[in-house]
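Quick note, the sequence shown lines up with residues 31 to 179 if you use this note's numbering.
All C-beta atoms in this analysis are idealised placements derived from N, C-alpha and C, irrespective of residue type, glycine included.
Have a look at the structure below, then the notes.
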Amino acid sequence: MDSWEVAVFVLHLFSVFYMTGIIWFIQRVHYPLMAVVPEEQFVEYENRHTRLTGPVVAPVMVLELLTGLLLLWMAPFGGTHYRWLLLASMLLVMVWLVTFGVSVPLHKRLSHSFEIRAHSKLVSTNWVRTLAWTGRAAIFIYLFVNWQP
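Now the structure itself:
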């Protein structure tokens, strides 16, 4: 790997581990706590949640996507390692599909009122993102350990 590839790889590692930590916090703490917000305060809570969470996750998700695309294009890992990179990329596509195809629409529903079904679906479908990001973190630990710069 040249210095440019190393920089992209390090930025990608940062984004993967950052998002993995965030998603576990969301899954195990934040989303479950939504169920105990008083109903008369829930809409304000949900709207604040989405407004405040966006700037924390959106730039890093974009960084992860862009550096992931660069890694695929630069192909700094050959052979079996490249296959792991492809798998990690497929998991990232899954994260984006669930985020914008499922999670965002559910948050829009919840921004009008607390619906137990929408909340339950948000928590259960968020496991897909949680496990996908965790899988990506595991793959990038493997790639880092086996990295031959």
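Please determine, among the options, the residue with the shortest C-alpha to C-alpha distance to residue i.
{"i": "Leu122", "options": "Leu93, Arg78, Phe55, Gly108", "result": "Leu93"}
{"i": "Ile52", "options": "Val73, Glu35, Thr83, Ala65", "result": "Thr83"}
{"i": "Gln57", "options": "Ile171, Leu102, Ser133, Glu74", "result": "Ser133"}
{"i": "Phe72", "options": "Phe144, Arg81, Tyr48, Gly108", "result": "Phe144"}
{"i": "Tyr48", "options": "Leu136, Thr160, Met124", "result": "Thr160"}
{"i": "Thr110", "options": "Trp177, Val59, Pro135", "result": "Trp177"}
{"i": "Leu63", "options": "Ile146, Val158, Trp103, Thr164", "result": "Ile146"}
Using only the alpha-carbon positions, how far apart do residue i and residue j sit?
{"i": "Glu69", "j": "Phe44", "result": "37 Å"}
{"i": "Pro85", "j": "Val128", "result": "19 Å"}
{"i": "Phe55", "j": "Met91", "result": "16 Å"}
{"i": "Thr97", "j": "Trp34", "result": "11 Å"}
{"i": "Val67", "j": "Leu152", "result": "16 Å"}
{"i": "Arg78", "j": "Ala88", "result": "15 Å"}
{"i": "Asn156", "j": "Asp32", "result": "37 Å"}
{"i": "Glu74", "j": "Ala65", "result": "14 Å"}
Between residue i and chain C, is the shortest Cβ-Cβ distance under 8 Å, so that the two count as touching?
{"i": "Gly165", "result": "Looking for chain C here will not work: only one protein chain is present."}
Counting C-beta neighbours from all protein chains within 10 Å, is the total for residue i 16 or more, i.e. buried, or is it exposed?
{"i": "Arg166", "result": "buried"}
{"i": "Pro106", "result": "buried"}
{"i": "Phe174", "result": "exposed"}
{"i": "Glu76", "result": "buried"}
{"i": "Pro169", "result": "The sequence given here has Ile at residue 169, not Pro. Counting Cβ neighbours within 10 Å, Ile169 comes out buried, since at least 16 surround it."}
{"i": "Thr50", "result": "buried"}
{"i": "Ala162", "result": "buried"}
{"i": "Phe130", "result": "exposed"}
(request) Check whether the region 137 to 154 touches the region 107 to 122, taking contact to mean three or more Cβ pairs, one atom from each stretch, closer than 8 Å. (result) no
(request) Mind listing, in chain order, the continuous alpha helix (DSSP H) runs of no fewer than 4 residues lying wholly within the region 47 to 125? (result) 61 to 64, 69 to 104
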